[in-house]
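**Student:**
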Amino acid sequence: MVLEDRKDVPSKKKFSYPVNATLRKYLEKYDREVKLPVRYSDMLRFNLSVPLLDNNGVDTLWHTVYYDESEMQDLFPGLEYIYALLRASGRMEVMEHLSVARIDYCSFGNSKPFRVRIINRFNDNYDHFYVKVADASRVYGLELEHVLSPNRINYLTDGDTLIEEHIAGMPGDIFIKQAVKDTVFNKTRICKEFVKFNERCFVRLLGDMRSYNYVVDITPDIEGNQYRIRAIDFDQQSYEGRLKFYLPHFFKENNKIVFMGIGLVSETSMLQYQQEERSIIRHRARLGQKRLKEIFYIMGKEKLAPEEKIISLGKELTAYHQNGLFGKIRSMGGLVKEHLFACLFNK
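Here the sequence shown stands for residues 7 to 353, where the numbers follow our numbering.
Next comes the structure, spelled out in structure tokens:
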């Protein structure tokens with residue numbers, strides 16, 4: 007099968023949409039828009055890069071980049087301050103023992119991010135954050151994740167620059183390889199969480215959740231493990247025109263965990279988990295009602311996808327909800343709002 011025939015891949019490379027003035031005012035209101043000492047364009051001034059390999063010598067698709075000494079003197083203190091903004095509201099006095107250990111660059115994908123490693127010089131512990139181009143779709147994805155998901159998320163913007171915190175967890179593709187060898191008890195819990203993650207993505211129309219676009223946070227429990235699947239890529243927030251693109255279980259990269267669930271989770275249990283998750287999202291939506299109203303007002307007036315994708319998704323949502331309203335909506339923001347409302351409050 008050639009790539010173009012697959013139904014679980016984007017039709018084309020995603021367009022990038024700039025952050026407009028109205029969205030920027032929203033970001034300023036909620037302390038997301040701040041003046042940063044380093045912009046994405048500054049990060050591009052590296053003069054050397056080498057492939058970054060994992061512990062097994064496999065290419066990670068990242069490159070470690072190096073800068074001239076003069077560039078480092080300007081760049082590194084600014085990056086350390088950005089980390090302080092993310093973690094300690096800019097208080098450098100509690101961050102003086104931290105320094106930039108490494109910068110990696112990935113040309114694969116839409117965002118072409120830089121990953122900055124910050125290291126604690128006292129104990130060699132380290133953390134990361136990302137520097138990306140500020141795409142409006144990604145910003146809306148981050149906001150909806152913050153308001154509607156079980157996870158709070160830190161990010162900052164400044165003009166065309168986006169700073170994202172690192173989301174810790176085992177990469178989904180690596181986790182799935184290990185999950186199929188786990189105990190039946192843990193497998194059942196894994197499948198339950200995947201059903202709930204599937205529901206979270208569908209309700210807010212977050213697409214492209216193939217195994218390498220999410221991580222799994224594993225917490226040891228009394229008799230086994232608890233699992234939380236967290237999205238790490240928000241490029242495809244309400245962009246594609248196919249409804250299946252917003253359901254992770256349709257991606258072949260997730261097949262192993264899907265087939266595992268078919269054998270372990272009954273249809274009745276699956277419906278229970280879906281309703282549990284919708285109930286939790288409904289509660290979050292009510293708590294964040296004012297903020298969601300602002301997001302959807304701005305989002306509804308933006309062009310966040312080509313017209314043909316909006317029309318296509320509207321038709322599929324019309325069929326899914328048996329409601330002709332979706333066929334009349336001409337913005338992705340409007341479709342997300344009405345779909346969210348229909349999923350949470352009409353069923």
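Glycine included, every Cβ here is placed at the ideal spot set by N, Cα and C.
My guess is that R121 and W68 are in contact by the Cβ rule of under 8 Å, so how many angstroms apart are they, rounded?
**Tutor:** Counting from one through the sequence shown, the residue named residue 121 turns up at place 115. Counting from one through the sequence shown, the residue named residue 68 turns up at place 62. 7 Å between Cβ atoms; contact.
**Student:** Look at D227 and R236 and say whether their C-beta atoms are less than 8 Å apart.
**Tutor:** Taking the first residue of the sequence shown as 1, we reach residue 227 at position 221. Taking the first residue of the sequence shown as 1, we reach residue 236 at position 230. No, they are not a contact pair.
**Student:** For P226, which three-state DSSP category applies?
**Tutor:** Here residue 226 refers to the residue found at position 220 when the sequence shown is read from its first residue. Looking at P226 - three-state DSSP - the assignment turns out to be strand.
**Student:** Should R206 and S244 be called a contact, given that it needs their Cβ atoms to be closer than 8 Å?
**Tutor:** Indexing the sequence shown from 1 puts residue 206 at position 200. Indexing the sequence shown from 1 puts residue 244 at position 238. Result no, Cβ atoms of R206 and S244 do not sit closer than 8 Å.
**Student:** By the three-class DSSP mapping on this structure, what secondary structure does Y89 have?
**Tutor:** Within the sequence shown, numbered from 1, the residue matching residue 89 stands at position 83. Helix.
**Student:** Output the distance between the C-alpha atoms of V106 and G247, rounded to the nearest integer angstrom.
**Tutor:** What you label residue 106 is simply residue 100 of the sequence shown in a count that begins at 1. What you label residue 247 is simply residue 241 of the sequence shown in a count that begins at 1. Approximately 41 Å, taken between the alpha carbons.
**Student:** Alpha carbon to alpha carbon, what distance is there between H103 and M78?
**Tutor:** Residue 78 sits at position 72 when you count from the first residue of the sequence shown. Residue 103 sits at position 97 when you count from the first residue of the sequence shown. So the alpha carbons of these two residues sit roughly 17 Å apart.
**Student:** What first and last residue would you give for the alpha helix (DSSP H) that runs through D179?
**Tutor:** In the sequence shown, the residue the question calls residue 179 occupies position 173. It spans 178-185 - the alpha helix (DSSP H) in which D179 sits, taken as one unbroken run.
**Student:** Just verifying my parser: in three-state terms, what is the DSSP assignment at F52?
**Tutor:** Residue 52 sits at position 46 when you count from the first residue of the sequence shown. If DSSP states are grouped into helix, strand and coil, F52 belongs with coil.
**Student:** Across which residues does DSSP place L168 in a beta bridge pair?
**Tutor:** Within the sequence shown, numbered from 1, the residue matching residue 168 stands at position 162. K138, T163.
**Student:** Tell me which same chain residues have a C-beta within less than 8 Å of the C-beta of L253, skipping the five on either side of it?
**Tutor:** Position 247 of the sequence shown, counted from the start, is the residue given in the question as residue 253. These residues qualify, in order along the chain: N204, C207, F208.
**Student:** Terminal residues of the continuous alpha helix (DSSP H) containing H327?
**Tutor:** Position 321 of the sequence shown holds residue 327. Counting along the chain, the alpha helix (DSSP H) containing H327 begins and ends at 313-327.
**Student:** Tell me the residue span of the alpha helix (DSSP H) that contains F265.
**Tutor:** The residue given as residue 265 occupies position 259 in the sequence shown. Run containing F265: 261-270, per the alpha helix (DSSP H) assignment.
**Student:** Verify whether the separation of the beta carbon atoms of L319 and G339 is less than 8 Å.
**Tutor:** Residue numbering aside, residue 319 sits at position 313 when the sequence shown is read from its first letter. Residue numbering aside, residue 339 sits at position 333 when the sequence shown is read from its first letter. No, they are not a contact pair.
**Student:** Do F257 and R216 have their C-beta atoms within less than 8 Å of each other?
**Tutor:** Walking along the sequence shown from the start, residue 257 turns up at place 251. Walking along the sequence shown from the start, residue 216 turns up at place 210. Yes, Cβ-Cβ distance for F257 and R216 is below 8 Å.
**Student:** With respect to the beta strand (DSSP E) encompassing R123, which residues constitute its N-terminal and C-terminal limits?
**Tutor:** By 1-based counting over the sequence shown, the position of residue 123 is 117. 120-126 is the extent of the beta strand (DSSP E) around R123.
**Student:** Check the DSSP bridge columns for A291 and list the partner residues they point to.
**Tutor:** Along the sequence shown, read from residue 1 onward, the residue named residue 291 stands at position 285. Note: A291 sits in no beta bridge, so no partner.
**Student:** List the endpoints of the continuous beta strand (DSSP E) containing H69.
**Tutor:** As a working mapping, residue 69 is identified with position 63 in the sequence shown. Unbroken beta strand (DSSP E) run through H69: 65-72.
**Student:** According to DSSP, R234 sits in a beta bridge with which residue or residues?
**Tutor:** Looking up residue 234 in the sequence shown gives position 228. R234 pairs with D223.
**Student:** Can you check which of these residues, L150, I169, K193, S76, is closest to E300 by C-alpha distance?
**Tutor:** As a position in the sequence shown, residue 300 is number 294, starting the count at 1. Comparing Cα positions, the closest option is L150.
**Student:** Return the chain-ordered list of same chain residues with a C-beta closer than 7 Å to the C-beta of Y279, the five sequence neighbours on each side being excluded.
**Tutor:** As a working note, residue 279 is residue 273 in the sequence shown. Same-chain partners within the cutoff: K198, V201, K202.
**Student:** Identify whether Q243 lies in helix, strand or coil by the three-state DSSP scheme.
**Tutor:** On the sequence shown, residue 243 is found 237 positions in, with the first residue counted as 1. Of the three classes helix, strand and coil, the one that applies to Q243 here is strand, per DSSP.
**Student:** Among S113, R30, K138, which one has its Cα closest to the Cα of S55?
**Tutor:** Against the sequence shown, residue 55 aligns to sequence position 49. Comparing Cα positions, the closest option is S113.
**Student:** Cα separation between S272 and L85?
**Tutor:** Taking the sequence shown and counting its residues from 1, the one referred to as residue 272 is at position 266. Taking the sequence shown and counting its residues from 1, the one referred to as residue 85 is at position 79. Near 49 Å, if we compare the C-alpha coordinates of L85 and S272.
**Student:** To the nearest angstrom, report how far apart R284 and P83 are at their CA atoms.
**Tutor:** Taking the first residue of the sequence shown as position 1, residue 284 is located at position 278. Taking the first residue of the sequence shown as position 1, residue 83 is located at position 77. One C-alpha to the other measures close to 44 Å.
**Student:** Measure from the alpha carbon of F191 to the alpha carbon of each residue in V153, G230, R158, D166, then state which is nearest.
**Tutor:** Translated into the one-based positions of the sequence shown, residue 191 becomes position 185. For F191, the nearest C-alpha among the options comes from G230.
**Student:** Go to R210, then tell me how far its alpha helix (DSSP H) extends in each direction, as first and last residue.
**Tutor:** If you number the sequence shown from 1, residue 210 lands on position 204. Start and end: 190-210.
**Student:** Assign P119 to buried or exposed, taking buried as 16 or more other Cβ atoms, counted over all protein chains shown, within 10 Å of its Cβ.
**Tutor:** Counting from 1 along the sequence shown, the entry for residue 119 is found at position 113. By the neighbour-count rule (16 or more Cβ atoms within 10 Å), P119 is buried.
**Student:** If Y161 and L148 are in contact, beta carbons under 8 Å, what's the gap, nearest whole angstrom?
**Tutor:** Position 155 of the sequence shown holds residue 161. Position 142 of the sequence shown holds residue 148. The Cβ separation is near 5 Å, so the contact holds.
**Student:** Spatial neighbours of E10 within its chain, please: C-beta separation below 6 Å, excluding the five flanking residues on both sides.
**Tutor:** Here residue 10 refers to the residue found at position 4 of the sequence shown. Any reading at E10 needs caution, since the residue's pLDDT is 37, under 50, leaving its predicted position unreliable; the model's value is listed next. Nothing listed; no residue qualifies.
**Student:** Tell me whether the beta-carbon of T28 lies closer than 8 Å to the beta-carbon of I304.
**Tutor:** Here residue 28 corresponds to residue number 22 of the sequence shown, with the count starting at 1. Here residue 304 corresponds to residue number 298 of the sequence shown, with the count starting at 1. Going by C-beta atoms, T28 is nearer than 8 Å to I304.
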